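Take the position in the sequence shown, starting the count at 1, then add 6; the result is the number in our numbering. Here a beta-carbon is modelled for each residue, glycine too, at the ideal position from N, C-alpha and C. Here the structure is a predicted model, which is why all the values come from computation and not from measurement.
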Amino acid sequence: MTKYSTALFASGNSGRWNSNGKFVVYCSENRSLACLENLVQRNFNEIKKNLKFSLLEIEIPSELIAKTVSEKKLSLGWKLPGAYDISQPIGDNWYNEKKHAVLKVPTALIPNEFNYVINTLHPEFNKIKIKAVYSFEFDNRLKT
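Listed below in structure tokens is the structure:
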């Protein structure tokens, strides 16, 4: 949402790749995937009421990105809504090790596309920059 577009903010709430208390930001490798991720994570009526969002273009130095989590190495069913017990330990381990500021992970939505999980408490987090902010409105033709 636009009100969060001035900084990379992390609530510490749990997600697919982190348990509660891990302060991470989820990003997508492209704008269309970011939109899809928002559609599946948010209440659709909330989106229809407030169609104004912002897309952030983020610059991440390549040396801050950990190797990609391979979907082939994940247990069957990792994409299911209640299967966070499969992916959270992987993300929590990466977060606690603090070797890399960013973890590249497969999205549960589209094969061979990726999201990035950013550890906002990593010592090199300050090297990750918001490059640009674009106004964005979901098309009002979207249906549930």
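According to DSSP, which residues form a beta bridge with residue i?
i: residue 125; result: 30
i: residue 112; result: 120
i: residue 43; result: DSSP output for residue 43 lists no bridge partner at all.
i: residue 58; result: 143
i: residue 24; result: 21
i: residue 65; result: 135
Mind checking whether residue i and residue j have CB atoms under 7 Å apart?
i: residue 137; j: residue 43; result: no
i: residue 122; j: residue 61; result: no
i: residue 18; j: residue 29; result: yes
i: residue 90; j: residue 125; result: no
i: residue 92; j: residue 81; result: yes
Where do the N-terminal and C-terminal ends of the beta strand (DSSP E) with residue i fall, by residue?
i: residue 96; result: Element bounds for residue 96: not the beta strand (DSSP E) but the alpha helix (DSSP H), 90-103.
Ignore the nearest five residues each way along the sequence and tell me which others in residue i's own chain have a CB closer than 7 Å to its CB.
i: residue 128; result: 104, 107
Comparing the C-beta of residue i with each C-beta of chain D, is any distance below 7 Å?
i: residue 124; result: The question asks about chain D, but that chain is absent: this structure has only one protein chain.
Following the continuous alpha helix (DSSP H) through residue i, name the residue where it begins and the one where it ends.
i: residue 136; result: Taken as a continuous stretch (DSSP letters only), residue 136 belongs to no alpha helix (DSSP H), being part of the beta strand (DSSP E) at 135-143.
Ordered along the chain, which non-local residues of its own chain (more than five positions away) have a Cβ less than 6 Å from that of residue i?
i: residue 53; result: 144
Skipping 5 residues on each side, what residues in its chain have a beta carbon closer than 8 Å to that of residue i?
i: residue 40; result: 33, 34, 61
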